[in-house]
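Peer 1: Following our numbering from start to finish, the sequence shown increments by one per residue and tops out at 519. Note that the Cβ used here is the ideal one computed from N, Cα and C, for glycine as well. Predicted model only: the values in this text are computed from it and were never measured.
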Amino acid sequence: MGEEEKLPIQSNQIQENELSGGGKRWWGPVYWLRMLAKETHWSFVFGVVVVYGISQGFGGAFGRVSTEYYMKDVQKVQPSESQVYTGITAIPWLVKPLWGLLTDVVPILGYRRKPYFIFAGSLGIVAMLFLSLHKKLHIVLALLSLTAGSAGVAIADVTVDACVAQNSGAHPSLAADMQSLCALSASIGALVGFSLSGIAVHVIGPKGVFGLLAIPSGLVFFVGILLDEPKTHNFRYQQVSQNFVDAAKAMWRTLKYPVVWRPCLYMYLSLALSFDISEGAFYWMTDAEGGPRFSKESIGYISAIGSVGSLLGAILYQYGLKDHPFRELLFWTQLLFGLSGMLDLVFVLRLNLRFGIPDYFFVVIDASISQMIGRLKWMPLLVLTAKLCPPGIEGTFFALLMSIDNTGLLTSSWGGGFLLHILNVTRTQFGKLWLAVLIRNILRVTPLCMLFLVPRSDPNSSLLPSEVLGSSDGAHEAPALSQDQNVELVSLVESMDTAR
């Protein structure tokens, strides 16, 4: 066994010895972070914490709440318009394969990662300060700025995913620890962000919060400066176009197999048919005469508690449901997903008050249950997506499938905006909001009729045909690249939680 192979094992043994003492037990996370920093370099750990924890987790929570109030109180748009605008700002996430290919095959000044972090951070800083400093910004310019900020987060996300995949290949025994670092950073950041977002919007307003969001982007910029990355010499840029063509051909060849495109079609439809009407519900909860009229602080706390429900869903899937067949699990989770929406209908019709249940208590329970079931619904879809990736192009193909799923989320957002519009749910009229909720709930269960598109196999079975598994030119690279599947899972789960 070589010296490099012994290091991770020795580090784990040292960590276990350090944690064995009762007095040091509570310092376990500190020793764990020190071990990761020692094995992978402290700048990598810093980059994961900044991108996942501060930029996506904390910044994403701040950005979501501040954008909702910005559209409602500053731009004064209708709920249906706000719903459509939310979808527009998510467009940069639809082209994640492009960002992934660029950071993989197009180094800048000899570096593959550092320049993309610097560009992503700079883009976010300019976009957030532009939003914050202009008093009367036209809606078109505001949307461009929000979309640019979203692009900065998406580019940083793809770049740090590539760093995690690279380090997972170099340190296989630490791959699970890196996954845990990503997930924990994002979850803790989101919980803290949602908890403080309402207070921040109340004290300094949504535009002031946008100004604060320049800080996470600035930290992403510094990740690009500080990241320890070897420089690539004598790179032949003439190969770039050929690499793009080869990747496109391999992806198209794989997509043509029914065992691949049928589950992809189901995943898109299951997302697209769950119309997102959250903006209408948000306007109703904060402005409606007969509504609960929640404060800004309450909105932030409700979102934070919903994130806890999402974490519980992930734990339940990991320890009780992960080995169940795809079709069986998706049937029950999709059914429960539709039924959980009935809690929103009870809330909008104010039936909870008839049973003596206070608004705040009821909506907290509603948010927790909805987020938990939503996470249980997404997890098998994500695992199924990972199983469809052929060897050699796992990372790029998974990014392509994520784009298909994000297109489903975009369709859901725009479909929800159209539904709110035709039902005339406005800033002051919410008489038919209950009907919008009911239609959304019915649409949520319609994917049950298309479950025949999903394979009956369980997550431990191979789904791809043998000709795909054996014909990939890059099959010999599969062990290293396969780490990228799991890395992308964390990112997609967080983005879906935010979209909800």
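Check the DSSP bridge columns for ILE127 and list the partner residues they point to.
Peer 2: Answer by DSSP bridge pairing, in chain order: TYR130.
Peer 1: Does the separation of the CB atoms of LEU362 and ASP385 fall below 9 Å?
Peer 2: In this structure, ASP385 lies closer than 9 Å to LEU362 by Cβ.
Peer 1: Given this structure, state the Cα-to-Cα distance separating SER214 from THR273, to the nearest angstrom.
Peer 2: So the alpha carbons of these two residues sit roughly 44 Å apart.
Peer 1: Whose C-beta lies closer than 6 Å to the C-beta of SER480 among residues of the same chain, with five residues either side of it excluded?
Peer 2: Hits under 6 Å: none found.
Peer 1: Beta-carbon separation of PHE301 and LEU438 under 9 Å?
Peer 2: No, Cβ-Cβ distance for PHE301 and LEU438 is not below 9 Å.
Peer 1: Do PHE77 and PRO235 have their CB atoms nearer than 9 Å?
Peer 2: In this structure, PRO235 lies closer than 9 Å to PHE77 by Cβ.
Peer 1: In angstroms, rounded to a whole number, what distance separates the CA positions of HIS60 and VAL145?
Peer 2: Taking the straight line from one Cα to the other gives about 30 Å.
Peer 1: May I have the straight-line CA-CA distance separating GLY328 from LEU349, to the nearest angstrom?
Peer 2: Approximately 19 Å between the Cα atoms of the pair.
Peer 1: Relative to the C-alpha of VAL239, which candidate in ILE73, SER389, PRO344 has its C-alpha closest?
Peer 2: For the residues ILE73, SER389, PRO344, the minimum Cα distance to VAL239 belongs to ILE73.
Peer 1: Rounding to the nearest angstrom, what Cα-Cα distance links LYS154 and GLY375 in this structure?
Peer 2: Distance between the alpha carbons of LYS154 and GLY375 is about 44 Å.
Peer 1: Taking DSSP as the reference, what is the three-state secondary structure of HIS60?
Peer 2: It is coil, neither helix nor strand.
Peer 1: Straight-line CA distance for LEU403 to ILE334?
Peer 2: Distance between the alpha carbons of LEU403 and ILE334 is about 18 Å.
Peer 1: If you count every other CB in all the chains shown that lies within 10 Å of the CB of TRP397, and 16 or more means buried, which is it?
Peer 2: Answer is buried; the Cβ neighbour count reaches 16.
Peer 1: Count the other CB atoms within 10 Å of the CB of GLU58; is the residue buried (16 or more) or exposed (fewer)?
Peer 2: Burial call: buried.
Peer 1: Assign ASP206 to one of two classes, buried (16 or more other C-beta atoms within 10 Å of its C-beta) or exposed (fewer than that).
Peer 2: Position check: residue 206 holds Ser in this sequence, whereas Asp was assumed. Counting Cβ neighbours within 10 Å, SER206 comes out buried, since at least 16 surround it.
Peer 1: Less than 7 Å between C-beta atoms, sequence neighbours within five positions excluded: which residues of the same chain meet that for MET304?
Peer 2: GLY310, PRO311, PHE313.
Peer 1: Do you know offhand how far ALA139's Cα is from LEU200's?
Peer 2: Computed Cα separation, rounded: 21 Å.
Peer 1: Within the same chain, show all residues whose beta-carbon is closer than 7 Å to that of THR585, passing over the 5 residues directly before and after it, in chain order.
Peer 2: Residue coverage of the chain in this structure runs from 20 to 519, which leaves residue 585 outside it and unanswerable.
Peer 1: Is it the case that the Cβ atoms of CYS283 and LEU470 are separated by a distance below 9 Å?
Peer 2: No, these two residues do not count as a Cβ contact at 9 Å.
Peer 1: Mind checking whether ALA233 and SER151 have CB atoms under 9 Å apart?
Peer 2: Yes, they are a contact pair.
Peer 1: Between LEU113, VAL125, LYS95, PRO191, which has its C-alpha nearest HIS529's C-alpha?
Peer 2: In the structure displayed, the chain extends from 20 to 519; residue 529 sits before or after that span and is not available.
Peer 1: Considering only C-alpha positions, which residue in the set SER192, SER141, TYR336, SER326 is nearest to GLY171?
Peer 2: If we check each option's Cα against that of GLY171, SER141 comes out closest.
Peer 1: Within 10 angstroms of the Cβ of SER260, are there 16 or more other Cβ atoms? Answer buried if so, exposed if not.
Peer 2: Burial call: exposed.
Peer 1: What residue from SER169, GLU100, ASN253, LEU117 has the CA that sits closest to LEU419's CA?
Peer 2: It is LEU117 whose Cα lies nearest to the Cα of LEU419.
Peer 1: HIS190: buried (16+ other C-beta within 10 angstroms of its C-beta) or exposed?
Peer 2: HIS190 is buried by the Cβ-count criterion.
Peer 1: I need the straight-line Cα distance from LYS91 to SER101, nearest angstrom please.
Peer 2: Cα to Cα, LYS91 sits roughly 8 Å from SER101.
Peer 1: Could you tell me which whole alpha helix (DSSP H) segments of length 4 or greater appear in the segment 79-112?
Peer 2: With a minimum length of 4 residues, the continuous alpha helix (DSSP H) runs that stay inside the segment 79-112 are 98-108.
Peer 1: Restricting to runs no shorter than 4 residues, where is the alpha helix (DSSP H) found entirely within the segment 143-212?
Peer 2: Taking only runs of at least 4 residues, the alpha helix (DSSP H) segments lying wholly in the segment 143-212 are 158-189.
Peer 1: Just how far apart, CA to CA, sit LEU428 and ARG346?
Peer 2: The alpha-carbon atoms of LEU428 and ARG346 are separated by roughly 21 Å.
Peer 1: With GLY168 and VAL84 assumed to form a contact (beta carbons below 8 Å), what rounded beta-carbon distance in angstroms separates them?
Peer 2: That belief does not hold up - the Cβ atoms of GLY168 and VAL84 are roughly 15 Å apart, past 8 Å.
Peer 1: Using only the alpha-carbon positions, how far apart do LYS268 and TYR130 sit?
Peer 2: Going by the C-alpha atoms only, they are around 26 Å apart.
Peer 1: Is the beta carbon of VAL220 closer than 9 Å to that of GLY82?
Peer 2: In this structure, VAL220 does not lie closer than 9 Å to GLY82 by Cβ.
Peer 1: Measure the Cβ-Cβ separation of LEU331 and MET270 and say whether it is below 9 Å.
Peer 2: The answer is no: Cβ separation not under 9 Å.
Peer 1: Count the other CB atoms, across all protein chains shown, that sit within 10 Å of the CB of PHE380; report buried if there are 16 or more and exposed otherwise.
Peer 2: Exposed is the call here.
Peer 1: Taking LEU472 as the reference, which of VAL93, GLY339, TYR287 has the closest Cα?
Peer 2: When only C-alpha atoms are compared, the closest one is TYR287.
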